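Participant:
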Amino acid sequence: MQIKNICCIGAGYVGGPTMAVIALKCPDIKVTVVDLNIERIAAWNGPLENLPVYEPGLAQVVEKTRGRNLFFSTEVDKAIDDAEMIFMAVNTPTKTEGEGAGMAADLRYVEACAKNIARVAKTDKIVIEKSTLPVRTAEKIKEILDRDGNGVHFEILSNPEFLAEGTAIQDLFKSDRVLIGGDETKTGKKAVQALVDIYLKWIPKEKIITTNVWSSELAKLASNAMLAQRISSINSLSALCEKTGADIEELSLAIGMDSRIGPKFLKASVGFGGSCFQKDILNLVYLSRYYGLDEVAEYWHQVIKINNYQKTRFSKKILEELHGELKENKIIILGWGFKANTNDSRESPSIFVASYLLQRGAILSIYDPLVKKERILSDLKKELKKVKLSNYQIIKLFNNLEILKNYKSSIHKSKAIVIMTEYNSFKNHDWKLISKSSKVIDGRNLLKNYNYSIGKPNA
Ligand code: UDX
Ligand code: UDX
Numbered sequence: 000m001q002i003k004n005i006c007c008i009g010a011g012y013v014g015g016p017t018m019a020v021i022a023l024k025c026p027d028i029k030v031t032v033v034d035l036n037i038e039r040i041a042a043w044n045g046p047l048e049n050l051p052v053y054e055p056g057l058a059q060v061v062e063k064t065r066g067r068n069l070f071f072s073t074e075v076d077k078a079i080d081d082a083e084m085i086f087m088a089v090n091t092p093t094k095t096e097g098e099g100a101g102m103a104a105d106l107r108y109v110e111a112c113a114k115n116i117a118r119v120a121k122t123d124k125i126v127i128e129k130s131t132l133p134v135r136t137a138e139k140i141k142e143i144l145d146r147d148g149n150g151v152h153f154e155i156l157s158n159p160e161f162l163a164e165g166t167a168i169q170d171l172f173k174s175d176r177v178l179i180g181g182d183e184t185k186t187g188k189k190a191v192q193a194l195v196d197i198y199l200k201w202i203p204k205e206k207i208i209t210t211n212v213w214s215s216e217l218a219k220l221a222s223n224a225m226l227a228q229r230i231s232s233i234n235s236l237s238a239l240c241e242k243t244g245a246d247i248e249e250l251s252l253a254i255g256m257d258s259r260i261g262p263k264f265l266k267a268s269v270g271f272g273g274s275c276f277q278k279d280i281l282n283l284v285y286l287s288r289y290y291g292l293d294e295v296a297e298y299w300h301q302v303i304k305i306n307n308y309q310k311t312r313f314s315k316k317i318l319e320e321l322h323g324e325l326k327e328n329k330i331i332i333l334g335w336g337f338k339a340n341t342n343d344s345r346e347s348p349s350i351f352v353a354s355y356l357l358q359r360g361a362i363l364s365i366y367d368p369l370v371k372k373e374r375i376l377s378d379l380k381k382e383l384k385k386v387k388l389s390n391y392q393i394i395k396l397f398n399n400l401e402i403l404k405n406y407k408s409s410i411h412k413s414k415a416i417v418i419m420t421e422y423n424s425f426k427n428h429d430w431k432l433i434s435k436s437s438k439v440i441d442g443r444n445l446l447k448n449y450n451y452s453i454g455k456p457n458a
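The sequence shown begins at 0 in numbering that gives the first Met the number 0 and counts up by one.
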């Protein structure tokens, strides 16, 4: 089957970059990305330096494709109607209420999407799950599509995205693998082939794996859980290093050189953030419990618990370093994104650390090269609301808060410099020249640096 028109619902961190790359590599296919959020679409259609998602290399891809065969629009129904293939890349946050609150994925948006597709579609469609979803969601989507549809045929595929933010474009260009799950039926196989043909335009054949839908859905959750597990493992050992005098970086090096283990994702940190790891693991935990596998659930839950432990442990370290004297001491937080090179701050450890310090009376300055001031303030507000602070209390705490456009001029006024994101520009500073009186408390890839940088930046 020759695909001529693709529609993607959800113009976020996944939908935007993925569709831009498909449009670049398949100039014969018209790709339309739609979103309910009018401002977001306007930003995608606006100046290249102000796209809603920051990713190295993304603006160049959009520049080449936008208006050629890549379009951003709020006309959801029209785009669905025109397309033979529809990607669903809407968000699937952790549920905040109802059954499974705090654990299960909220499928509200996915379901709304499916209903909309069912209502609008007048011709057969291939519907692709791009969002990370609990296993067997495809079944539910199919049910909605067939129940609410106009008698047309829907084929559901799972094609989870493995891109990491900050390297999305490179990840899309050179994927380790592309995973496509589909039904074993004749129409299922045809749909899988149609999607394989698209990826074949730039991905070598041997890197495209096809599986059944359930394996594909579960593989995404499992991949993220395994990656996050490595971080929690190394972070748990960082605590032991500090007690024993072992050096966490040396430990990472020694462990990672075992080719069975490998060096990646073994950097100790303040904890992992991002929209996926926590959500997907909680999802896996929920799923395991649902099937009565309590031991399995508990095993994976521990990955989250260590992550929370690490964030708290790091925050307490800062307090200790300042001998609990927060009120007169200004602290600078460097880095708000959950990692370098992204303007995304979802689940960023900085949010936890800053809110912990603010609640204890700290005077804070925050700097990030990509995250906007409004975003930082709304992240903090949400976090402080979680611990049940009132609007009045939050406004009062915000009097102790400053968001910096430039941090260098403020450094010497601060008592502690807390490095949260692993930007080289933060790490490679010659702190000696900048501040003699402040303590550099380095949290990323660096619990090692505790030994020499905490309290002794000049050593
Ligand atoms: C999302 C999911 O969070 C993740 O689980 C999945 O793996 C990929 O898709 P992301 O692209 O980072 O990740 O989410 P986000 O940046 O929030 O984008 C989702 C977009 O969908 C938003 O712009 C939202 O406005 C849009 N949306 C949501 C719709 O257009 N319609 C809806 O009904 C719901
Ligand atoms: C992740 C997966 O890598 C990707 O395959 C999936 O599609 C989505 O989820 P992402 O969340 O964008 O991608 O970022 P990732 O690079 O995985 O980093 C997640 C968090 O782990 C960050 O906060 C990062 O700083 C932290 N991290 C990463 C560590 O603390 N130590 C490491 O060694 C690596």
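In this text, a Cβ means the ideal position worked out from N, Cα and C, and glycines have one as well. Just so it is clear, the structure is predicted and the values come from calculations on it, not from any experiment.
1) Under 6 Å Cβ to Cβ from Ile260, same chain only, skipping five residues before and after it: list those, please.
2) Go ahead and label Met0 buried or exposed: buried means 16 or more other beta carbons lie within 10 angstroms of its beta carbon, across all protein chains shown.
3) Would you say Gly270 reaches chain B, if we count a Cβ-Cβ gap shorter than 8 Å as a contact?
4) Taking 7 Å as the line, does the beta carbon of Ser273 fall inside it for any heavy atom of ligand 2?
5) So, helix, strand or coil for Asn17, using DSSP?
6) Which of helix, strand or coil does DSSP assign to Leu445?
7) Mapping DSSP to helix, strand and coil, what is Asn44?
8) When the Cα atoms are used, what is the spatial distance from Ile394 to Ser235?
9) From the DSSP output, in three-state form, read off Lys121 for me.
10) Using a Cβ-Cβ cut-off of 7 Å (strictly less than) and excluding sequence neighbours within five positions of Arg39, which residues of its own chain qualify?
11) State the DSSP-derived secondary structure class of Met84, mapped to helix, strand or coil.
12) Any heavy atom of ligand 1 closer than 7 Å to the Cβ of Ile331?
13) If we require 3 or more residues per run, which beta strand (DSSP E) segments fall completely within the region 241-278?
14) For the alpha helix (DSSP H) holding Val60, just list the boundary residues, first then last.
15) Closer than 7 Å: is that where the CB of Lys185 sits relative to any heavy atom of ligand 1?
16) According to the Cβ coordinates, are Ala117 and Gly66 closer than 8 Å?
17) Do Arg359 and Leu400 have their C-beta atoms within less than 8 Å of each other?
18) Express the C-alpha separation of Ala82 and Cys6 in angstroms, rounding to a whole number.
19) Helix, strand or coil: which one does DSSP assign to Ile155?
20) Which partner residues does Tyr520 have in the DSSP bridge list?
21) If you draw a straight line from the alpha carbon of Gly270 to that of Ala339, how long is it in whole angstroms?
22) Around the C-beta of Arg229, are 16 or more other C-beta atoms found within 10 angstroms, so that it is buried, or is it exposed?
23) Buried or exposed for Lys438, going by 16 or more other Cβ atoms inside 10 Å?
24) CA-CA distance, Tyr308 and Ile332?
25) Once you ignore the five residues that flank Leu396 on each side, which residues in its own chain have a CB closer than 8 Å to its CB?
26) Reducing DSSP to helix, strand and coil, say where Val212 ends up.
27) Among all the DSSP beta bridges, which residues are the ones paired with Lys29?
28) Just the C-alpha distance for Phe71 and Cys275, rounded to the nearest angstrom, thanks.
29) Which residues in the same chain have their Cβ closer than 7 Å to the Cβ of Gly336, if we skip the five residues on either side of it in sequence?
30) Only counting runs of 3 or more residues, tell me where the beta strand (DSSP E) segments fall wholly within the region 142-205, in order along the chain.
31) Can you tell which of Ile440, Ser424, Asn423 and Asn398 has the C-alpha that lies nearest to the C-alpha of Ile416?
32) Need the endpoints of the alpha helix (DSSP H) that Ser130 sits in, please.
33) Tell me whether Phe290 is buried or exposed, calling it buried when 16 or more other Cβ atoms sit within 10 Å of its Cβ.
34) With contact counted as at least three CB pairs below 8 Å, one residue from each stretch, are the region 41-50 and the region 83-94 in contact?
35) Would you identify the three-state DSSP class for Lys455, choosing helix, strand or coil?
36) Using the rule of at least 16 other Cβ atoms within 10 Å of the residue's Cβ for burial, across every protein chain shown, is Ala137 buried or exposed?
Facilitator: On the basis of the coordinates in this document:
1) Mapped onto the sequence shown, residue 260 falls at position 261. By the criterion of a C-beta distance shorter than 6 Å, Ile260 is surrounded in its chain by Ile254, once the five residues flanking it on both sides are discounted.
2) Indexing the sequence shown from 1 puts residue 0 at position 1. Within 10 angstroms of the beta-carbon of Met0 lie fewer than 16 other beta-carbons, which makes it exposed.
3) Considering every chain present, this structure includes no chain B. It has just one protein chain.
4) On the sequence shown, position 274 is the one that residue 273 refers to. Checking the sequence, you will find Gly at residue 273 rather than Ser. Because some heavy atom of ligand 2 lies under 7 Å away, the Cβ of Gly273 counts as near it: yes.
5) Position 18 of the sequence shown, counted from the start, is the residue given in the question as residue 17. The amino acid at residue 17 is misidentified as Asn; the sequence shows Thr. Residue state, collapsed to three classes: helix.
6) The residue given as residue 445 occupies position 446 in the sequence shown. Its pLDDT being 43, under 50, Leu445 is placed unreliably by the model, and the measurement read from it follows with that caveat. Look at Leu445 here: in three-state DSSP terms it is coil, with no helix or strand label.
7) The sequence position of residue 44 within the sequence shown is 45, counting from 1. Helix at Asn44.
8) If you number the sequence shown from 1, residue 394 lands on position 395. If you number the sequence shown from 1, residue 235 lands on position 236. Distance between the alpha carbons of Ile394 and Ser235 is about 36 Å.
9) Position 122 of the sequence shown holds residue 121. Lys121 falls in the coil class under three-state DSSP.
10) On the sequence shown, position 40 is the one that residue 39 refers to. So the qualifying residues of the chain are Ala10 and Pro51.
11) Looking up residue 84 in the sequence shown gives position 85. Three-state result, Met84: strand.
12) Mapped onto the sequence shown, residue 331 falls at position 332. Flag unset: Cβ of Ile331 not near ligand 1.
13) Those beta strand (DSSP E) runs which fall completely within the region 241-278 and span 3+ residues do not exist here.
14) Locating residue 60 in the sequence shown gives position 61, where the first residue counts as 1. Its alpha helix (DSSP H) spans residues Leu57 to Thr64.
15) If you number the sequence shown from 1, residue 185 lands on position 186. Checking the Cβ of Lys185 against ligand 1 gives no.
16) Counting from one through the sequence shown, the residue named residue 117 turns up at place 118. Counting from one through the sequence shown, the residue named residue 66 turns up at place 67. Against a cut-off of 8 Å, the Cβ pair of Gly66 and Ala117 comes out as no contact.
17) Your numbering for residue 359 matches position 360 in the sequence shown. Your numbering for residue 400 matches position 401 in the sequence shown. It is not a contact, given that the beta carbons lie outside the stated cut-off.
18) Residue numbering aside, residue 6 sits at position 7 when the sequence shown is read from its first letter. Residue numbering aside, residue 82 sits at position 83 when the sequence shown is read from its first letter. About 6 Å.
19) In the sequence shown, residue 155 corresponds to position 156, counting from 1. Strand at Ile155.
20) Look at the range of the chain in this structure, 0 to 458, and you will see that residue 520 is not part of it.
21) Here residue 270 is taken as the residue at index 271 of the sequence shown, counted from 1. Here residue 339 is taken as the residue at index 340 of the sequence shown, counted from 1. Approximately 14 Å between the Cα atoms of the pair.
22) By 1-based counting over the sequence shown, the position of residue 229 is 230. Flag for Arg229 reads buried.
23) Walking along the sequence shown from the start, residue 438 turns up at place 439. Note on Lys438: 16 or more other CB atoms within 10 angstroms of its CB, so buried under the neighbour-count rule.
24) Residue 308 sits at position 309 when you count from the first residue of the sequence shown. Residue 332 sits at position 333 when you count from the first residue of the sequence shown. When rounded, the separation of the alpha-carbon atoms in Tyr308 and Ile332 is 20 Å.
25) Position 397 of the sequence shown holds residue 396. The answer, listed in chain order, is Leu357, Gln358, Leu383 and Leu388.
26) Residue 212 sits at position 213 when you count from the first residue of the sequence shown. DSSP places Val212 in the helix class (H, G or I) of the three-state scheme.
27) As a working mapping, residue 29 is identified with position 30 in the sequence shown. The partner list for Lys29 (beta bridge, DSSP) reads Asn4.
28) As a working note, residue 71 is residue 72 in the sequence shown. As a working note, residue 275 is residue 276 in the sequence shown. Roughly 25 Å between the two C-alpha positions.
29) Looking up residue 336 in the sequence shown gives position 337. If we look at Gly336 and ignore the five residues flanking it on each side, its Cβ neighbours are Asn342, Asp343, Ser344, Ser347, Asp367, Leu369, Val370 and Thr420.
30) Runs of the beta strand (DSSP E) inside the region 142-205: 153-157 and 177-180.
31) In the sequence shown, the residue the question calls residue 416 occupies position 417. Ranked by Cα distance from Ile416, the first of Ile440, Ser424, Asn423 and Asn398 is Ile440.
32) Working through the sequence shown from its first residue, we reach residue 130 at position 131. In this chain, Ser130 is not harboured by any alpha helix (DSSP H), its DSSP state being neither H nor E.
33) As a first step, residue 290 is located in the sequence shown; it is residue number 291 there, counting from the start. Reading off the sequence shown, one finds Tyr at residue 290, where the question assumed Phe. Around the CB of Tyr290, fewer than 16 other CB atoms lie within 10 Å, so the residue is classed as exposed.
34) Verdict: no, contact absent.
35) Residue mapping note: residue 455 aligns to position 456 of the sequence shown, counting from 1. Only weak support exists for where Lys455 lies, its pLDDT of 31 falling under 50; the value from the coordinates is given anyway. Reduced to three states, the DSSP call for Lys455 is coil.
36) Mapped onto the sequence shown, residue 137 falls at position 138. Ala137 is buried by the Cβ-count criterion.
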